[in-house]
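All residue numbers for the sequence shown refer to the working numbering, where the first residue is 7 and numbers rise by one. Just below is one structure, and these are the notes that go with it.
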Amino acid sequence: MKPVKALLLLLILPILLSAQDELTMPVIPTMRQLHHEYIISSIQKINQLPAIKDSGYTQQLVWVDETITGIRASIERNQQLDDNAKYRWLRSVNELLTGFLQGQKSGQISLKELKPLIKVYQEAMKLELKNQSIYPVIENNDLVIGNLLVDNFCLKTNQGIPAAKDLLIWKYCQIYPNQILNLLSKQPQNIFADTLIIQAAFHDPEKLYNFAAAPNALGRKIQSVNHSLVKIIGQLSLTKTGRMYFPFLDQLYHGKYNLEDITPLLSDDSTARYYKLLVDTRIDYAGRMQKGDTPMLEKVLTAKLRSKAIELYINEINALHELRDLKVRFKVLDNLTATELYYLAVMGEAEMYTSSFVSGVYPRIFQKMLEPNADTLLSMVNNDFFKKFIRVSAAYNTLDDFLRRMDSSSAKKRMESFVDGLEKNTSLEDAVDVADSYSSIYQAPLRQLIVDRVQMNRLKNMQAQNKKGERIYRTLDLLFQSLDSSCHVDLSKELGIDPVYEMSNQRLQDSAGRIVVQQFFYGDKDGMNVFLAFLAGFNNGKWRVIQKPEWVELVAKTGVPITIYANKPLNEKLDLDAKAQANLSAYLADKGLDPSIVIHRGHSYHLRSTIEQLAPSAKLVILGGCGGYQNLNDVLEICPTAQIISTKQVGTGVINKGLINEISETLRAGQNLNWPSLWNNMAKQLGLKYKETFDDYVPPHKNLGAIFITAFNQSERGAQNP
């Protein structure tokens with residue numbers, strides 16, 4: 007046994023001595039001491055990184071220190087290296103460490119990657135010293151480590167560097183595929199160019215289309231790639247109308263359409279035939295997406311469908327909104343099928359006037375069906391955008407009618423699906439849709455179904471510990487309970503938001519005790535009539551009227567100091583109304599007058615302009631024009647805690663005038679705005695004649711979409727700052 011042990015000792019001893027010898031630092035010549043000190047200084051800087059204190063990397067740092075010392079010693083002891091080579095390698099080691107420090111500072115590399123980096127460097131160093139390619143090392147490691155190696159002082163001339171740099175571009179493009187073509191435009195001869203071009207074709211066909219037509223090296227390279235999708239895009243890029251084929255690119259790639267099927271429609275793209283093909287393709291895509299298949303350029307198709315819906319149909323029926331003859335106004339819709347009308351509704355909801363939907367598109371959908379069944383309609387479009395259609399129907403107060411057009415079991419399933427899974431979405435849009443839609447449903451069983459489904463989802467998310475889902479459904483639950491007087495829910499207390507049933511007089515006052523109101527009027531045909539009626543409402547001795555060239559100021563003579571600033575509805579064709587609004591806003595800002603109440607007086611097509619000029623100081627926003635209900639989120643992004651009065655359908659001048667007068671007089675008298683009380687007073691004043699129209703006005707305490715956004719954002723802030 008002893009002879010065996012002795013033999014093992016003889017075999018192991020040289021290895022131990024060699025390892026010990028390698029770690030032992032020889033005497034360093036004076037001329038290289040500074041380079042060693044640079045390395046030691048870099049190690050010390052690594053030891054002082056803030057992350058070290060919190061991460062327990064002490065043992066790793068001991069390893070790093072010992073390993074780097076060993077590398078330094080091996081360089082000094084390597085008899086194959088002359089003095090210049092030793093200088094270079096010491097510089098190389100320090101460059102590795104300083105590169106790591108820079109990457110750590112910029113967040114590109116973490117502390118835990120330091121040890122792997124040094125190990126990989128040792129591998130590359132050995133290969134370089136043997137005059138072998140370091141490409142395999144770059145191939146087997148990540149992008150950050152690879153970049154540090156290929157740029158390293160002693161490794162950058164290695165025989166494998168050109169191919170390694172091409173490989174690193176490929177690796178970079180796997181992380182940032184939208185940079186493929188930008189990088190290849192500088193290096194079209196990259197050895198991975200074909201693979202990357204094919205990848206770019208699927209990732210961003212439109213961008214490839216732009217590059218493919220260029221008369222340069224990359225353009226020629228793209229045209230030479232032997233792949234069917236790249237070939238189609240390359241072919242289209244050489245035509246003047248290539249982009250018009252793009253909505254159908256997936257169908258072309260899979261052989262469902264030929265270029266010859268689409269080409270005859272291109273010169274005809276401003277008529278119904280092109281729009282109809284877009285609709286047919288979108289319906290096909292919707293069916294595929296339900297099975298988990300995402301068609302290429304689906305968003306491009308949808309964007310083109312939307313633009314054509316607006317360009318060919320919605321703009322025209324909107325422009326004729328003053329025409330009393332509905333048959334003439336909506337004649338352009340005569341040749342559209344039910345499904346094509348459906349896509350007008352879901353694609354153009356933001357641009358469509360209320361009357362265009364309520365009097366034109368919506369009724370014609372069912373008139374074009376043999377059996378006007380809502381379930382059949384949704385089946386015909388493969389349930390595409392059905393949640394959006396429910397929201398649009400709710401916003402325009404046609405949801406009850408829509409649900410009555412399907413049997414009760416189908417309506418139940420549709421609304422359950424409408425409410426479920428809100429926590430899965432990245433935005434709050436669907437949740438706001440649920441909140442908004444609830445206030446437009448008048449069937450008691452259906453309202454109860456939604457409440458039950460919300461409560462079920464709230465419990466489900468609590469059990470799954472999904473905090474976002476729990477907050478969404480809790481907020482909805484409390485909102486819906488607040489509409490039931492028997493529940494006695496105090497929304498302000500439960501949701502941590504400002505009172506929704508009341509707006510205090512003091513909250514609307516600025517630091518000087520003034521209430522500043524800004525009204526936006528527009529210079530169209532109706533604008534001047536509305537403006538004159540507005541002025542007449544304040545011609546009662548309680549207000550002083552000050553005329554300015556571009557606006558009017560109404561100053562309360564007694565009571566709380568209120569001033570209403572309203573731009574004059576000057577000629578919109580000369581943009582004089584827009585100029586007056588801008589000058590008034592500039593005047594208010596210059597005088598330090600911050601509007602706490604902002605009122606929109608105009609059609610829905612002017613509302614975007616009002617929102618863009620909305621003062622962030624606004625505490626109460628009155629969207630008296632058509633379509634105001636759709637713009638809650640935009641308003642709350644500018645004024646996060648504002649209360650909003652909006653209308654689901656056509657805003658009426660008589661109601662707007664009465665509402666503004668009631669609010670102004672209440673505030674002038676020093677009273678708070680109690681919304682339930684004020685709404686009851688308004689209903690009595692307006693009487694039965696305007697009851698149906700006034701019912702579509704939404705007071706702040708019933709504006710569930712706005713309350714939901716405010717409450718959810720507040721709960722998010724609370725979760726982030728417990």
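Each residue gets a CB set at the ideal place from its N, CA and C atoms; glycine is no exception.
Nonlocal neighbours in the same chain, by C-beta distance under 7 Å from Gly-240, ignoring five residues either side | Ala-218, Ile-228, Gln-229
For Leu-187, which option in Asn-90, Ala-206, Gln-649 has the closest C-alpha, if you only look at C-alpha atoms?
-> Ala-206
Does the distance from the C-beta atom of Asn-356 to that of Tyr-368 stay below 8 Å?
-> One detail in the question is off: residue 356 reads as Ala in this sequence, not Asn. No, Cβ-Cβ distance for Ala-356 and Tyr-368 is not below 8 Å.
Euclidean distance between Cα positions of Ala-437 and Phe-718 = 10 Å
Please report the residue range of the alpha helix (DSSP H) in which Phe-208 lies.
-> 199-209
Pull up the distance between the alpha-carbon of Met-375 and that of Ala-325, whole angstroms please.
-> 27 Å
Glu-556 - containing alpha helix (DSSP H), residue span = Unbroken run through Glu-556: none, as it is neither H nor E.
For my contact list, Arg-559 and Tyr-571 are in at a C-beta cut-off of 8 Å; report their separation, rounded to the angstrom.
-> Note on residue identity: the sequence assigns Glu, not Arg, to residue 559. Confirmed, Cβ separation roughly 6 Å.
Close Cβ partners of Leu-67 (< 8 Å) along its chain, the five nearest in sequence each way excluded | Ile-52, Asn-53, Ile-58
Per DSSP, Tyr-703 is paired with what?
-> Thr-653
Proximity to Gly-166 [Cα-Cα], best of Met-131, Lys-393, Cys-179, Lys-337 | Met-131
What residue does the alpha helix (DSSP H) around Ile-239 start on, and which one ends it?
-> 234-243
Which whole-angstrom value is the C-beta distance of Arg-279 and Leu-271, which I expect to be below 8 Å?
-> 5 Å
For Leu-347, which option in Asp-331, Arg-330, Ser-365 has the closest C-alpha, if you only look at C-alpha atoms?
-> Ser-365
When DSSP labels each residue in this structure, what does Phe-336 get in the three-state scheme?
-> coil
Just curious, the alpha helix (DSSP H) that Tyr-593 is in, first and last residue?
-> 582-596
Measure the alpha-carbon distance for Ile-568 versus Cys-645 and round it to whole angstroms.
-> 21 Å
Is the region 197-216 touching the region 173-182, taking contact as three or more C-beta pairs under 8 Å?
-> yes
Closest Cα partner of Gln-743 within the set Ser-433, Ser-446, Val-425, Pro-451 | Outside the displayed range of the chain (7 to 728) lies residue 743, so it cannot be described from this structure.
Assuming Gln-110 and Leu-189 make a contact with CB atoms under 8 Å, what is their CB distance in whole Å?
-> Not quite, the Cβ-Cβ distance comes to about 25 Å (not below 8 Å), so this is no contact.
Could you pull out every residue in the same chain whose Cβ sits closer than 8 Å to the Cβ of Glu-28, ignoring the five residues on either side in sequence?
-> Because the pLDDT at Glu-28 is just 47, under 50, the model does not fix this residue reliably, and the point stays unresolved.
Can you have a look at Leu-5 and say buried or exposed, based on whether 16 or more other CB atoms are within 10 angstroms of its CB?
-> Summary: the structure shown does not reach residue 5, with the chain confined to residues 7 through 728, and so no result is reported for it.
Might you give, ordered along the chain, the residues of its own chain that have their beta carbon closer than 7 Å to the beta carbon of Arg-723, omitting 5 neighbours on each side?
-> none
Could you check if Gln-493 is buried or exposed, using at least 16 other CB atoms within 10 Å of its CB as the buried criterion?
-> Residue identity differs from the one stated: residue 493 is Cys in this sequence, not Gln. Looking at its Cβ environment, which holds fewer than 16 other Cβ atoms inside 10 Å, Cys-493 is exposed.
List in chain order: all unbroken alpha helix (DSSP H) runs of 4+ residues lying wholly within the region 266-320.
-> 278-296, 304-315
Which whole-angstrom value is the C-beta distance of Gly-608 and Asn-577, which I expect to be below 8 Å?
-> With 8 Å as the limit, Gly-608 and Asn-577 do not qualify as a contact, their Cβ atoms being about 15 Å apart.
Leaving out five residues before and five after Val-334 in sequence, what residues of the same chain have Cβ atoms less than 7 Å from its Cβ?
-> none
Given that a residue counts as buried once 16 or more other Cβ atoms are within 10 Å of its Cβ, and exposed if not, what is Lys-92?
-> buried
For Leu-14, the three-state DSSP class (helix, strand or coil) = Note that Leu-14 scores 41 on pLDDT, short of 50, meaning its location in the model is unreliable; the coordinates nonetheless yield the value given after this. In the structure shown, Leu-14 sits in a helix (DSSP, three-state: H, G or I).
Excluding sequence positions up to five away, which residues of its chain have a Cβ less than 8 Å from the Cβ of Asn-184?
-> His-209, Asp-210, Lys-213
Could you tell me the distance, in whole angstroms, from the CA atom of Asp-390 to the CA atom of Leu-265?
-> 26 Å
Rounded distance between the beta-carbons of Ser-362 and Ile-323, thought under 8 Å = 5 Å
How many Å lie between Leu-485 and Lys-597 at the Cα?
-> 40 Å
Who are the near neighbours of Ser-243 in its chain, counting only those whose CB is closer than 7 Å to its CB and skipping five residues on each side?
-> Tyr-215, Ala-218, Ala-219
Do Leu-599 and His-606 have their C-beta atoms closer together than 8 Å?
-> no
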